[in-house]
Amino acid sequence: MRLEKFMQKSKKSKKKQINHGLIKNSLFKIVALLLAIGLNWSGLLAVTETLAYYNDQEQSPINFIASIVDFSLNSQADFIPAVTPDQAADKSIYLSNDSGFDLQHDLALSNFTGDSNLCDNLMLNANLGGTNIYSGRLLDFTFTTTTLAGSSSALLELEAFLAEGDEALKNKTCNFNLHVLGWQIDSAATGQGFTDDEIIANSVSSGDWIIEIPPTPVATGDVIINEIMWMGSRTDDDHNKIGDEWIELKNMTDQAIDIGQWLIANARNNGNDLMIPASNSIPANGYFLIANNPRDSANTLIDVEVDEVNNSLELINDYNSNGPIILKDAGDNIIDQTPPADDSNWPAGANATDKKWSMERNLDPTTGWHTCDPTALTFEELTLMSNYWKINAQNYNCGTPGAGNLSVNNLNLPAVLTDNNPGLGLLELPTENLGENWPGNENTENLNENRPINDNTGVEEPAAIEESSEAVPEPEPELISEPEPALEPTPVPDLTAPAPTVIPTD
């Protein structure tokens, strides 16, 4: 018993010793572990950079950049204005490289529509960035290759114009597209790799124009000086218009003649030349009237439109002082002229108190000049001439401004009539030269019925002559040249009036 108790007691004591040793060993291990961790943590905190890694560097100098190839085209207007033989049309286009790297590009035209004839006759000048890159036919345009830096732009300036001025090209339109093909630099071939093809539409229109035919060179005598009112005019109430002067030219050909910048020598004050402004012409077989006053001026008595008003026109009554009137073309070639000035009298014309009669060219211009003679006109011709003059200028003036000459050269009159050289007396005029409607001829009654009365004479129109045996006989031709025997005066019109209405009395 005692032994068993001892043994049991001994086992319990041994068991306590074993448990105590285990606890002690565990505490030792824990302390050692904490010490190791503390020491290692301090070491880790002291490490600032860890250089332990794998390193491999690769270089590839000729790689394509994986990005966007992008061009853009901008233009505010199409080709303007319309092309004509004298006018070109322009258009400006901005080429922009919207990529972040340099690109190459070509330019080309395509898809031509509209009038093929106009497209075929259009020429093109092209400037890129201020440098000319093309001059030639529109249809042949091409341009390769240039570089445009990344994120930059260049101005493309286009000028279209006509190769010829054919009338068939008027009012037409030519349409076409402009292509800009861009691609990466160092591509294996043009347009390879990443590319961008931009297109902009264009239209060129033609306008309207006049086809000018080069004028036929003007020869001497193609245009003549046809009539000159060098003495001025006079009203029916006896007021002189000394400045009412004019010069009439006549086209002797069947074609219009450009007389722009022609000169008329000695037609202005101080003997200066008068220039006809540009863009003036005379129609075929027509007339051109130059005067110093327009039709509606109170300073002129002519009642026709004036082609060229030049208030510097001034002619001197003394022909020596004035000098001959000389017509010159734009090349200073003499086309026509009046006779040389070797006398104070003009070659023809009347300048008397009651006579303001123009200087007219003969029907055959090569034969010279004559004085406008109302006594040589028929009733119809006198009526026609009265239309060229205002209502208060019917008695003293003779001329046909802007129209053909009506009178013929009366060989019985001096070339120039003045107060000192009045010509034949009233009763000495040969009636056979006065025309069929003058008194003494068959239509006397019609003449008296239709002719206007001279309001300034104070003499009433005589009654129509009755047919009777006592009628005034017609003068026999042989008596015209014989002053004796004296005959009863045959009723003859007053030279001062275009419409004779007064029968003179003793």
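Just so you know, numbering that gives the first Met the number 0 puts the end of the sequence shown at 505, numbered straight through with nothing missing. Backbone N, C-alpha and C define an ideal beta-carbon position, used for all residues, glycine too.
Nearest-angstrom Cα separation, counted from residue j out to residue i
i: Asn201; j: Asn131; result: 20 Å
i: His369; j: Glu247; result: 15 Å
i: Asp85; j: Gly206; result: 11 Å
i: Asn386; j: Glu379; result: 11 Å
i: Leu123; j: Asp97; result: 28 Å
i: Asp101; j: Gly181; result: 10 Å
i: Gly422; j: Gly348; result: With a pLDDT of only 43 at Gly422, under the threshold of 50, the placement of this residue in the model should not be trusted; the figure read from the coordinates follows. Looking at the two C-alpha atoms, the distance is approximately 12 Å.
i: Ala125; j: Asp89; result: 10 Å
i: Ile315; j: Met230; result: 8 Å
i: Thr145; j: Asp119; result: 27 Å
i: Asp342; j: Ala264; result: 18 Å
i: Leu300; j: Thr382; result: 17 Å
i: Gly424; j: Arg294; result: Below a pLDDT of 50, predicted positions are generally treated as unreliable, and Gly424, at 33, falls in that range; the measurement from the model is reported next regardless. Near 34 Å, if we compare the C-alpha coordinates of Arg294 and Gly424.
i: Leu405; j: Asn284; result: 16 Å
i: Pro127; j: Gly99; result: Reading off the sequence shown, one finds Leu at residue 127, where the question assumed Pro. Approximately 21 Å between the Cα atoms of the pair.
i: Leu108; j: Asp69; result: 20 Å
i: Ala76; j: Ile209; result: 27 Å
i: Thr83; j: Gly164; result: 7 Å
i: Glu254; j: Asp335; result: For clarity, residue 254 is Gln in the given sequence; the question names Glu instead. Cα to Cα, the separation comes out at about 18 Å.
i: Gly322; j: Asn250; result: 23 Å
i: Glu211; j: Val203; result: 24 Å
i: Ile22; j: Ile29; result: 11 Å
i: Met384; j: Ala81; result: 50 Å
i: Arg360; j: Cys371; result: 9 Å
i: Ala340; j: Thr377; result: 33 Å
i: Ile184; j: Asp196; result: 15 Å
i: Ala277; j: Phe175; result: 41 Å
Nearest neighbour of residue i, chosen from the options [CA to CA]
i: Gly330; options: Ile258, Ala81, Ser91, Asp139; result: Ile258
i: Ser74; options: Leu154, Leu147, Pro276; result: Leu154
i: Pro373; options: Asp363, Met358, Pro364, Thr365; result: Met358
i: Thr252; options: Lys240, Tyr286, Glu226; result: Tyr286
i: Asn391; options: Ala297, Pro323, Ser320; result: Ala297
i: Asn394; options: Ala351, Pro364, Gly367, Thr366; result: Ala351
i: Glu244; options: Met228, Asn279, Asn250, Ala255; result: Met228
i: Asn344; options: Phe140, Tyr318, Pro80, Thr234; result: Tyr318
i: Phe142; options: Leu106, Ser151, Thr112, Asn110; result: Leu106
i: Glu156; options: Thr365, Ile79, Ile281; result: Ile79
i: Gly236; options: Phe160, Ser71, Asn396, Ser320; result: First, the amino acid is wrong: residue 236 is Asp here, not Gly. Among Phe160, Ser71, Asn396, Ser320, the Cα nearest to that of Asp236 belongs to Asn396.
i: Phe111; options: Phe140, Ser91, Gly129; result: Phe140
i: Thr337; options: Thr366, Gly149, Ser71; result: Thr366
i: Ile92; options: Gly129, Ile281, Gly149; result: Gly129
i: Ile241; options: Ala81, Leu34, Lys354, Glu166; result: Lys354
i: Thr234; options: Pro282, Trp388, Ser71; result: Trp388
Neighbourhood of residue i by C-beta distance below 7 Å, restricted to the same chain and skipping five residues each side
i: Asp114; result: Lys171, Thr172, Cys173
i: Arg267; result: Leu273, Ser311, Leu312, Glu313
Residue i and residue j closer than 9 Å at C-beta
i: Thr219; j: Ile289; result: no
i: Gly398; j: Trp356; result: yes
i: His104; j: Leu94; result: yes
i: Leu326; j: Val222; result: yes
i: Ile198; j: Val179; result: yes
i: Asn292; j: Val308; result: yes
i: Asn269; j: Pro364; result: no
i: Leu147; j: Leu72; result: no
Other residues of its chain near residue i: CB distance less than 8 Å, five sequence neighbours each side excluded
i: His238; result: none
i: Ala162; result: Asn120, Leu121, Met122, Arg136
i: Ser152; result: Tyr93, Leu94, Ser95, Asn96
i: Tyr133; result: Leu123, Asn124, Ala125, Phe140, Thr141, Phe142
Residue i burial status per 10 Å Cβ neighbour count (16 or more: buried)
i: Glu313; result: buried
i: Leu168; result: buried
i: Val305; result: buried
i: Gly135; result: exposed
i: Glu448; result: Unreliable positioning characterises Glu448 in this predicted model, as indicated by a pLDDT of 36, which lies under 50. A coordinate reading is not provided.
i: Ile36; result: exposed
i: Pro400; result: buried
i: Pro346; result: buried
i: Ala375; result: buried
i: Phe27; result: exposed
i: Ser232; result: buried
Close Cβ partners of residue i (< 6 Å) along its chain, the five nearest in sequence each way excluded
i: Leu137; result: Leu121, Leu123
i: Leu262; result: Asp272, Met274, Lys327
i: Glu158; result: Ala87, Asp89, Asn124
i: Asn279; result: Ile258, Gly259
i: Phe520; result: Not covered by the structure: residue 520. The range shown for the chain is 0 to 505.
Check: residue i C-beta below 8 Å from any heavy atom of the ligand ADP
i: Ala264; result: In terms of ligand content, the structure shown is empty, and the ligand ADP therefore cannot be addressed.
Residue-level contact to chain D via CB, residue i, 9 Å cutoff
i: Thr219; result: Going by chain labels, chain D is absent from the structure shown, which holds only one protein chain.
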